[in-house]
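Read through the structure below, which is laid out as structure tokens, and then see the notes.
In the numbering used here, the protein residues as written are 1 to 224.
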């Protein structure tokens, strides 16, 4: 009898658990955008895959912490040296959308690029240096996610993805500062690092970029 009671309680627990919504997914205000996509990348001036063809590279779209409609994170990485992780503020809907503004000052920074600091050693506070950098901010010129308009590697019908970016270059000024004692290798030996002081647009470093792809399926026949 005791075993039967345990089984009944366990069954009720599992039933209740299975009915609870997945808050991370189903409560998203950007569900129509969200997901994993298998992508290729090319220069829009020459559609030959000048960046890469389909090889299993993925792009992620997900909601921000604030979970606001038409605010998304876009993230992809390629070969360890080409990557974008940017928050985008959109207008439109999932079948036709773009950045609300293309003004440099309105755009969120590409955190992957901005996190790479100068390698130049520094030995005091308040030193200043400047560098020209690629892909510092991201503007989305055109985007489309079209239901059932794509074909996966294995021939499955899936949602298609099209994103046309301008990856903005900039001249960045860095300033050195003394690291707090608790963050040093040796607390008794002063250490210094660079931090971003200012970012100014440099249009000559802007890169046109198009991503095409399709929604990830997880099916064996679609694996690269």
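The C-beta atom is built at its ideal place from N, Cα and C for all residues, glycine as well.
The residue among 113, 207, 139, 42 with its C-alpha nearest the C-alpha of residue 100 is 139. Residue 163 counts as buried, since no fewer than 16 other beta carbons sit within 10 angstroms of its beta carbon.
Uninterrupted beta strand (DSSP E) stretches at least 3 residues long and entirely within the region 31 to 115 occur at 35 to 42, 58 to 63, 71 to 78, 82 to 93, 96 to 99, given in chain order.
The Cβ atoms of residue 161 and residue 37 sit closer than 9 angstroms to each other. DSSP lists no bridge partner for residue 122. The criterion of a C-beta distance shorter than 9 angstroms is satisfied by residue 54 and residue 40. Counting only the Cα atoms, residue 173 lies some 4 angstroms from residue 130. The beta carbon of residue 190 sits closer than 7 angstroms to the beta carbons of 178 from its chain, once the five residues preceding and following it are set aside; these are given in chain order. The Cβ-Cβ distance between residue 206 and residue 167 falls below 9 angstroms. Residue pairing of residue 29 in beta bridges, as defined by DSSP: absent, with no partner found. With a cutoff of 9 angstroms on beta-carbon distance, residue 95 and residue 146 are scored as near each other. Pairing residue 137 with residue 110 gives a Cβ-Cβ distance under 9 angstroms. Per DSSP, residue 201 is one residue of the beta strand (DSSP E) stretching across 192 to 201. In the structure shown, residue 205 falls within a helical segment according to DSSP collapsed to helix, strand and coil. If you check the CB distance, residue 114 and residue 222 do not come in under 9 angstroms.
With a cutoff of 9 angstroms on beta-carbon distance, residue 91 and residue 67 are scored as not near each other. The Cβ atoms of residue 203 and residue 169 lie closer than 9 angstroms to each other. Per the C-alpha coordinates, the member of 156, 199, 59, 132 positioned closest to residue 105 is 199.
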